[in-house]
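Worksheet: the structure to be examined is printed underneath.
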Amino acid sequence: MINRRKFLEQTSLAGAITLIPGVLKSASSNSKDLLVTDKPVVISTWSHGLEANEAAIKVLNNGGSIVDAVEQGVWIPEADPENMSVGRGGLPDIEGVVTLDASIMGPDGNAGSVCFLEDIVHPISVARLVMDSTPHVMLSGKGAQDFAIENGFKKENLLTEKAKKAWEKEIKKRDYNPALNWENDPNYYHDTIGLIAIDANGDMAGACTTSGLGFKKRGRVGDSPIIGAGLFVDNEIGGATATGMGELVMKTLGSFLVVELMRNGKTPQQAVEEAVIRIVQKVPDHKSYQIGFIAMNKAGETGAYCLKPGFNYALYKDGKNKLVDSKSYYD
Ligand code: GLY
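So the sequence shown is residues 34 to 364, counted in the working numbering.
Here it is as C-alpha cells:
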C-alpha cells in the first residue's frame, strides 16, 4: 500500500493523474481514500463474484492480460450448473429456453457483446470474439450462435433439471411478475455477474454476463449486453456495471452515466448513488424492482449502491477477497 505523499512523489504517475480531470477533482475532495489502493483490484456483483474475482486475479498473477482476467473470471459462474442466473443452469424464458446476454470492454475502448444467444455455455467468450475479430459490437440470436459455432464453440443444452423444474412451477402460475429481490434468494436465484478489474499497470476492463430475467418474455434482452447500460469502461476514467431489473438500467443508460459522473469529478460511490437516484427520479415503477451498480475508478477506488437492501458484491483489494453488503437508497 502506498500513501498519498509517496504517490505524489512518483512523478510519472502524478503527471498521469493530471490528465484525468475526474480523478483529480476526486483527489482533492476525498484524498484519504484515493491513491492508496494497491493494484490489482477486482469488484463483481453478488456472492458468485468471490470465485470470479479469485479466477481473475489468478489470470493476472500468471501474466494474463486484463481482458483475459475479466473474461476468465466470469467463466466460473457461466459454467456453474447450480447458478441459476448465468450461463449453464440459468433460468429459461417463458417458453422454457435458456437465452444468454453478455458484454465485454477492454482498455483500448473496444467492446463486444452478444444477446439472445442459445446453447453456448460461455457467451462472454463469444462477445470477446466479436470484439477482437469483427468490426461490429453486437451479434444476436441465431447469427451470434452461427458465429460461435463457426469459430469452434460447441452447442450444449444449458437447461438443467433444477431450472426446468422451476420453469414448470412458474408456467403453472403464469402470473408473470418478477418478485423483489428474487435475485438474492440464496437457495434459488442470483442475478447477472458484472466484473470490473484494474491491473498493476492501471489498465481496466469489464465483463457482464447473464441468463437475464427468469421466465422472461421470449425475445426479451436486458441491460447486460447493451454497452453503456449493463457495462461501460473508459480506461482513462473507470468502469461500472449493473445488476437487477435491466429495463431500469436501459432507460437511464446507467453504467455510462456512472462513468461520466466519475469523469466529472464524482467518486465511484457518489457516482453509483447518483445513478440510482436517477432511476428513482425517472422510472415511476422503480419501487417494484431491485437494481444495483458497482464501479471502480482509475485509482482503484470502488463504490456500490442499490435501490433496496439485499444486494452484495465481492471485492478483491489489498490482497483480500471479501463479500460486502451494498448500501441502498431505500431502507
Ligand atoms: N440485469 C440482467 C437483466 O435484466 O437481464
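Each residue gets a CB set at the ideal place from its N, CA and C atoms; glycine is no exception. As the structure is a prediction and not an experimental result, all values here were calculated from the model.
Excluding its 5 nearest sequence neighbours in each direction, residue 348 has C-beta neighbours in its own chain below 7 Å: 76, 335, 355 and 357, listed in chain order. Shown here for residue 228: same chain residues with a beta carbon closer than 8 Å to its own, the five before and five after excluded, namely 75, 76, 77, 78, 82, 85, 86, 89, 103, 106, 107, 239, 240, 241 and 274 in chain order. Distance from the CA atom of residue 122 to the CA atom of residue 316, rounded to whole angstroms, is 31 Å.
Taking a C-beta distance under 8 Å as the contact criterion, residue 146 and residue 324 do not qualify as a contact pair. Here residue 308 is near residue 290, since their CB atoms are less than 8 Å apart.
Sequence-distant Cβ neighbours of residue 345 in its own chain, meaning closer than 7 Å and more than five residues away, are 79, 80, 356, 357, 358 and 359. The closest heavy atom of the ligand GLY lies 7 Å or more from the beta carbon of residue 141.
For the pair residue 285 and residue 119, the CB atoms are not nearer than the 8 Å cut-off.
For the options 114, 254, 302 and 299, the alpha carbon positioned closest to that of residue 193 is the one of 114.
With a cut-off of 7 Å, the C-beta of residue 318 is classified as distant from the ligand GLY, since no heavy atom of the ligand falls inside that distance. Under the three-pair Cβ rule at 8 Å, the segment 246-253 does not count as touching the segment 297-304. With a threshold of 16 other beta carbon atoms within 10 Å, residue 178 meets it and is buried.
Residue 157 sits away from residue 189, with the two beta carbons spaced by 8 Å or more.
Within the same chain, Cβ atoms closer than 8 Å to the Cβ of residue 305 are found at 273, 291, 326, 327, 328, 336, 337 and 338, the five residues on either side in sequence being excluded. DSSP links residue 228 through a beta bridge to 77 and 240.
For the ligand GLY, a non-hydrogen atom lies closer than 7 Å to the CB of residue 256. Residue 265 has its alpha-carbon roughly 9 Å from the corresponding atom of residue 137. The residue from 70, 236 and 135 with its alpha-carbon nearest to that of residue 99 is 236. Residue 333 places its beta carbon less than 8 Å from that of residue 72. The beta carbon of residue 148 sits closer than 6 Å to those of 134, 173, 254 and 258, all from its chain and outside the five residues before and after it, given in chain order. With a beta-carbon spacing of about 7 Å, residue 340 and residue 322 fall inside the 8 Å limit used to define contacts. Nearest in C-alpha terms to residue 362, of all of 303, 331, 351 and 350, is 303.
Pairing residue 169 with residue 163 gives a Cβ-Cβ distance under 8 Å.
Here residue 126 is buried: its Cβ has 16 or more other Cβ atoms, across all protein chains shown, within 10 Å. Contact annotation: residue 200 and residue 93 have beta-carbon atoms that are not nearer than 8 Å.
If you ignore the 5 residues before and after residue 196, its C-beta comes within less than 8 Å of the C-beta of 117, 122, 123, 124, 125 and 131, all in its own chain and listed in chain order. Every alpha helix (DSSP H) stretch that sits fully inside the segment 232-301 and reaches 4 residues is listed by chain position as 279-285 and 287-296.
Not a single heavy atom of the ligand GLY lies less than 7 Å from the C-beta of residue 171. At the C-beta level, residue 167 and residue 350 stay beyond 8 Å of one another. Around the CB of residue 256, 16 or more other CB atoms lie within 10 Å, so the residue is classed as buried.
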